[in-house]
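Everything below concerns the one structure shown next.
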Amino acid sequence: MRTLIFLLLMACAAPALALDKDVVEKLAFGDGDERSAAVLALVKDGDEAAVPLLKALDGDSVQSVEKRVLIINGDEGIDAVTGEKVSPLPENRDDVVVNNRLRGEIENALAAFNLLSPDRGVRLGAAKSLATGADPGMLKLVQKALARETDPDIKPLLEVTAAGMEMRAGDKESRLAAIRRLGESASPHIRTLLAAAAEGDPDAEIRAEAQKSLRAVQGRLDWGERAGLLFAGVSLGSVLLLAALGLAITYGLMGVINMAHGELIMIGAYATYAVQKFFRLHLPEAFNWYLLAAIPVSFVVSALVGMLLERAVIRWLYGRPLETLLATWGISLTLIQAVRTIFGAQNVQVENPAFMSGGVQALSNVVLPWSRIYIIGFAALVLLSMYLLLTKTRLGLFVRGVTQNREMASCVGVPTARIDTLAFGLGTGIAGLAGCALSQLGNVGPDLGQGYIVDSFMVVVFGGVGQLAGTVYAALVLGLANKLLESFSGAVIAKIVVLVFIIFFIQRRPQGLFALRGRAVEA
Amino acid sequence: MSRLYGTRGWILLGAFAFILFVAFPVLSLKVSEQSALHLSQYWVTLVGKIMCYAIVAIAMDLIWGYCGILSLGHGLFFALGGYAMGMYLMRQIGREGQYQSDLPDFMVFLNWKEYPWHWWNTEHFWYCALLVVAVPALLALVFGFFAFRSRVKGVYFSIITQALTFAAMLAFFRNAMGFGGNNGFTDFKRILGLPITTPGTRMLLFAATGFVLIATLLLARWIVTSKFGRVLTAIRDAETRVAFCGYDTVSYKLAIFVLSAVICGVAGALYVPQVGIINPSEMSPANSIEIAIWVAVGGRGTLAGAILGAGIVNFGKSFFTQAFPEYWLYALGLLFILVTLFLPRGVMGLLQRSAR
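Residue numbers (the numbering used here), protein chains in the order written: chain A, 1 to 523; chain B, 1001 to 1356.
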């Protein structure tokens, strides 16, 4: 892409190449400060004729013959001042060396020229990079770009950048006007600029005006931070919800304490990894869509493992919750070690498909990553399908029937043992889906599930066992509370506070655990 | 005496005491190193360590086997006792740390200038010994009071004690807590003025552990054969009925929970000088669940079974992790599954059946 732009620029600039001889010589032969000044001088007028020379300098393909500066391109050269072709090249050429400081300035200048590029993406990128690091010397170029710009995304960015430059240079009236305009922006960079002016400017009037604008910007940034916090909370809540939904079935509805729940999440994540690997090897052209295939695969793999466990172990322990706890803990240890044996003890790399990377710039200081947005949506989708499955299908009816009154359900012909297996498979399959989602957010390793087991149990218990709606509220409340506390006290303390809070909550409201009352409590 | 054990029981216990207090010291200190009968430091440390685990297993058996409460916070009480002892051992290092400072190395590293408030008085052994008992007791008292009063029982109790342990582990991982963060306490030099690595001191610690183990066993046996113990068993089997008979079940449960926590704390305090390190990973929820499996393997509700279970599992662990490190988790996992499915009364149940 960059080379294409470069060629385009070359094509339109080459015939009109004519630069100030003095400036070019300073750029090539001057001392450090002179060369910097020369770069700025080339940018200042916004003359695109300077682009090929700057590009060439950046790419170390400028040489000199006595006082002549040549842009070398293969075995011919172009005179940087006049634009004449020089061929063949003279013998006694010297390299024009560019040091790091100068290179930085040249690259900045080139970014400024990108503002004039015909490609929208390039302009947007340039406008963004200039928004945080523009030299007031580039004002003319920015204004020129602003006059040409029509794109609704880029124009406001440039306006803010231009105002930021005007604020620092020029006469008092235009500075004041610029400060007033900046009061409408909401970028952390402008806040720093305004804060500097509000503190240190010698002119009292400008200080007062800058303070006023600063407060406005600060207020807007605060809102951005709050919105970002809210999003992070909802996002964490959706992750917790995914992790806990499966448990809401196996534990909440069936009453099975499944300590291997976390490992079933982990298996879902590894299933996603395996699908990704398969696509990379055999279907590289469809790689971006591997995630769609991974969703059913992770569900089925985890559900099968779960159903196998139910048939082999858990079935024999119904009604003995403490024994179930120990046996499923043993299962979790075995599963962890099995995954270590198969995939190795190290974390594996699960690559996000293209549509999951990047994010939406919601506000100037808030970026919402696509992966998080998709996962919030995915959690909602899983929740909805689970709700429909439990309330609208025959299987759901049977599951609810067996939960409410096993003997009666059995009497009217519900195959309770099979329903147990299927319901357990459903719960563990949803754990697999959670694993598929989590693989897109962080590391996938054998210990992945261990981190979620305590959290998932807390969500289900907090929400009230046997209530799906409670699980949803609990996940969101815990997610938000965790992120909110995190912003005050750091991640670890936040987690501890939330855990301690739940411990106390359970003790204050133990009846919230069980919807059952009276004699049924003892049953 | 006869209430506690029959003749055969006392003979077995006497043999056990003979092995610990006579055979071990003689074989490791008096028999020359070339002799085939010599016991190396490795074995003294290993058996000492496992005896600490056995004490914890007895505490677990008291509350789970006899009262039906599966606490997953016992790893926490154990670690708290260990940390209390560790504080004293850190003070005993004096200026021999890497930085030759009055403060422990990790505090120098964090650029602290003085001991934080909770290290007050920890240079005295008696004060730390008090902490070993008081801290787990207080935590168990407060936590148990709220939990039992609001009738949190069964699996819910297990899960919230696990959450408590998890929260404590996260807290102890923080440097700001003043307990050495990730690394915890290590590099101990002395205990009660004695150099901690010499065979003589090690044997003293070993003997002290053995003494505490036997004393704990007898105490627990005395409790479960008393009226108090009978009420505990009744609570396990039909709590509501016991409550309707006029017993204050909350107090009974609270008393045994606190006692159990204290025993764990003492075991932790004996454990730390022998293994030479204490860090927050001792509090990981996995450790607490492992304690339960020791008891389950040995057989719930049989105190000797708890010792046996702790011994079998931990000797198995040290054997497996050396011979086939890959397979230890498989073995442990299968043990959990098989014992719960096929051996509900543990090894003791097997022994009793074959004796009959």
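Cβ atoms here follow ideal geometry from the backbone N, Cα and C, with glycine treated the same way.
> Which partner residues does leucine 368/A have in the DSSP bridge list?
Replying inline: Looking up residue 368/A in the first sequence gives position 368. Answer is Val360/A, bridged to leucine 368/A.
> In this structure, does DSSP put threonine 1225/B in helix, strand or coil?
Replying inline: What you label residue 1225/B is simply residue 225 of the second sequence in a count that begins at 1. Of the three classes helix, strand and coil, the one that applies to threonine 1225/B here is helix, per DSSP.
> Of all Cβ atoms in chain B, is any one closer than 8 Å to the Cβ of glycine 512/A?
Replying inline: Position 512 of the first sequence holds residue 512/A. Legend: pLDDT at glycine 512/A = 49, less than 50; position of this residue unreliable, value from coordinates given subsequently. Cβ-Cβ to chain B under 8 Å: no for glycine 512/A.
>> So for leucine 70/A, helix, strand or coil by DSSP?
In response: Position 70 of the first sequence, counting from 1, holds the residue named residue 70/A. The answer is strand: DSSP assigns leucine 70/A an E or B state.
>> Distance check for valine 69/A and glutamate 141/A, CA to CA, integer angstroms please.
In response: Walking along the first sequence from the start, residue 141/A turns up at place 141. Walking along the first sequence from the start, residue 69/A turns up at place 69. Here residue 141/A turns out to be leucine, not glutamate, going by the sequence shown. The alpha-carbon atoms of leucine 141/A and valine 69/A are separated by roughly 25 Å.
> How is the beta strand (DSSP E) around aspartate 79/A delimited, first residue to last?
Replying inline: Along the first sequence, read from residue 1 onward, the residue named residue 79/A stands at position 79. Per DSSP, aspartate 79/A belongs to the beta strand (DSSP E) from 76-79.
> Along chain A, in chain order, which residues have C-beta atoms closer than 9 Å to that of glycine 1154/B?
Replying inline: For the purposes of this step, residue 1154/B is taken as residue 154 along the second sequence, with counting starting at 1. Near glycine 1154/B (Cβ distances below 9 Å), the residues of chain A are Pro321, Leu322.
> At a Cβ threshold of 8 Å, is glutamate 522/A touching chain B?
Replying inline: For the purposes of this step, residue 522/A is taken as residue 522 along the first sequence, with counting starting at 1. Confidence at glutamate 522/A is low in this model, with a pLDDT of 43, below 50, so the placement of that residue should be treated as unreliable; the coordinate-derived value is given next. Look at glutamate 522/A: its C-beta is under 8 Å from a C-beta on chain B.
> proline 1285/B touches chain A at which residues, Cβ-Cβ below 9 Å?
Replying inline: Position 285 of the second sequence, counting from 1, holds the residue named residue 1285/B. Those are Gln450, Ile453, Val454, listed as they occur along chain A.
>> By the 9 Å beta-carbon criterion, what residues does the segment 1307-1330 of chain B contribute toward chain A?
In response: Glu1326, Tyr1327, Trp1328, Leu1329, Tyr1330
> Is the segment 70-90 of chain A in contact with the segment 34-47 of chain A, if contact means three or more CB pairs nearer than 8 Å?
Replying inline: no
> If you run the structure through DSSP and keep just helix, strand and coil, what is valine 1142/B?
Replying inline: As a position in the second sequence, residue 1142/B is number 142, starting the count at 1. Reduced to three states, the DSSP call for valine 1142/B is helix.
>> Considering only the alpha carbon of each residue, which of Leu485/A, Leu335/A, Thr250/A lies closest to valine 402/A?
In response: Residue numbering aside, residue 402/A sits at position 402 when the first sequence is read from its first letter. Among Leu485/A, Leu335/A, Thr250/A, the Cα nearest to that of valine 402/A belongs to Thr250/A.
>> Which residues does DSSP list as the beta-bridge partners of lysine 85/A?
In response: Start at 1 with the first residue of the first sequence, and residue 85/A comes out as number 85. In DSSP, lysine 85/A forms a bridge with Ile78/A.
>> Against leucine 240/A, what residues of chain B qualify as contacts under a CB-to-CB distance less than 7 Å, listed in chain order?
In response: Position 240 of the first sequence, counted from the start, is the residue given in the question as residue 240/A. Result: empty, since nearest Cβ-Cβ is about 14 Å, beyond 7 Å.
> Do valine 498/A and leucine 383/A have their CB atoms nearer than 8 Å?
Replying inline: Here the question's residue 498/A lines up with position 498 in the first sequence. Here the question's residue 383/A lines up with position 383 in the first sequence. Going by C-beta atoms, valine 498/A is not nearer than 8 Å to leucine 383/A.
> Quick one: which chain A residues come within Cβ less than 9 Å of alanine 1171/B?
Replying inline: To locate residue 1171/B, count along the second sequence from 1; it is residue 171. Identification of chain A residues near alanine 1171/B by a Cβ-Cβ cut-off of 9 Å yields Val492, Ile493, Ile496, ordered along the chain.
> When the distance is taken between beta carbons, is tyrosine 1252/B closer than 8 Å to valine 1224/B?
Replying inline: Counted from its first residue, the second sequence places residue 1224/B at position 224. Counted from its first residue, the second sequence places residue 1252/B at position 252. Cβ distance not < 8 Å, so valine 1224/B and tyrosine 1252/B don't count as in contact.
>> Does chain A have any CB closer than 8 Å to the CB of arginine 1174/B?
In response: Taking the second sequence and counting its residues from 1, one reaches residue 1174/B at position 174. Chain A, which has a Cβ nearer than 8 Å to the Cβ of arginine 1174/B, makes this yes.
> Cα separation between alanine 147/A and leucine 116/A?
Replying inline: Reading the first sequence from its first residue, position 147 is the one you call residue 147/A. Reading the first sequence from its first residue, position 116 is the one you call residue 116/A. C-alpha separation (whole angstroms): 10 Å.
> Skipping 5 residues on each side, what residues in its chain have a beta carbon closer than 8 Å to that of arginine 101/A?
Replying inline: Taking the first sequence and counting its residues from 1, the one referred to as residue 101/A is at position 101. Result list for arginine 101/A: Gly32, Ser36, in chain order.
> DSSP three-state call for threonine 150/A: helix, strand or coil?
Replying inline: Here residue 150/A refers to the residue found at position 150 of the first sequence. Threonine 150/A falls in the coil class under three-state DSSP.
>> So, for isoleucine 78/A: in the same chain, excluding its five sequence neighbours on each side, which residues have a beta-carbon less than 8 Å away from its beta-carbon?
In response: For this step, residue 78/A is matched to residue 78 along the first sequence. Cβ-Cβ distances below 8 Å link isoleucine 78/A to Ala14, Leu17, Pro52, Leu70, Ile71, Glu84, Lys85, Val86 in the same chain, with the five nearest sequence neighbours on each side left out; the list follows chain order.
> From threonine 272/A to phenylalanine 457/A, what does the alpha carbon distance come to, in whole angstroms?
Replying inline: Working through the first sequence from its first residue, we reach residue 272/A at position 272. Working through the first sequence from its first residue, we reach residue 457/A at position 457. When rounded, the distance between both Cα atoms is 24 Å.
>> Can you tell me whether glutamine 63/A is helix, strand or coil according to DSSP?
In response: Reading the first sequence from its first residue, position 63 is the one you call residue 63/A. Three-state DSSP puts glutamine 63/A in a strand.
> For threonine 1340/B, which residues in chain A fall below 7 Å Cβ to Cβ?
Replying inline: Numbered from its first residue, the second sequence carries residue 1340/B at position 340. The answer, in chain order, is Leu317, Glu323, Leu326, Ala327.
>> Could you give the first and the last residue of the continuous alpha helix (DSSP H) run that contains serine 1318/B?
In response: As a first step, residue 1318/B must be located in the second sequence, where it is residue number 318. Note, serine 1318/B: alpha helix (DSSP H), 1303-1323.
>> So alanine 474/A and glycine 246/A are supposed to be a Cβ contact under 8 Å. How far apart are they, rounded?
In response: The residue you call residue 474/A lines up with position 474 of the first sequence. The residue you call residue 246/A lines up with position 246 of the first sequence. With 8 Å as the limit, alanine 474/A and glycine 246/A do not qualify as a contact, their Cβ atoms being about 15 Å apart.
> By Cβ distance below 7 Å, which residues in the same chain neighbour glutamate 149/A in space, the five residues on each side in sequence not counted?
Replying inline: Within the first sequence, residue 149/A is the residue found at index 149, counting from 1. Counting only Cβ-Cβ distances below 7 Å, and skipping sequence neighbours, we find Lys155, Leu158.
> Are the CB atoms of serine 185/A and valine 217/A nearer to each other than 8 Å?
Replying inline: Taking the first residue of the first sequence as 1, we reach residue 185/A at position 185. Taking the first residue of the first sequence as 1, we reach residue 217/A at position 217. For serine 185/A and valine 217/A, yes; Cβs fall inside 8 Å.
>> Against chain B, with Cβ distances strictly below 8 Å, would leucine 433/A count as a contact?
In response: For this step, residue 433/A is matched to residue 433 along the first sequence. Taking 8 Å as the CB threshold, leucine 433/A stays off the interface with chain B.
> Who pairs with threonine 250/A in a beta bridge, going by DSSP?
Replying inline: Position 250 of the first sequence, counting from 1, holds the residue named residue 250/A. For threonine 250/A, which the question treats as bridged, DSSP gives no partner whatsoever.
> What are the boundary residues of the alpha helix (DSSP H) that glycine 306/A is part of?
Replying inline: Looking up residue 306/A in the first sequence gives position 306. Counting along the chain, the alpha helix (DSSP H) containing glycine 306/A begins and ends at 290-312.
> Considering glutamine 1274/B, what are the terminal residues of the alpha helix (DSSP H) in which it resides?
Replying inline: As a first step, residue 1274/B must be located in the second sequence, where it is residue number 274. 1249-1275 is the extent of the alpha helix (DSSP H) around glutamine 1274/B.
>> Does the contact criterion of 3 or more C-beta pairs under 8 Å hold for the segment 1215-1229 of chain B versus the segment 1030-1048 of chain B?
In response: no
> In whole angstroms, what is the alpha-carbon distance linking threonine 428/A and glutamine 450/A?
Replying inline: Here residue 428/A corresponds to residue number 428 of the first sequence, with the count starting at 1. Here residue 450/A corresponds to residue number 450 of the first sequence, with the count starting at 1. One C-alpha to the other measures close to 15 Å.
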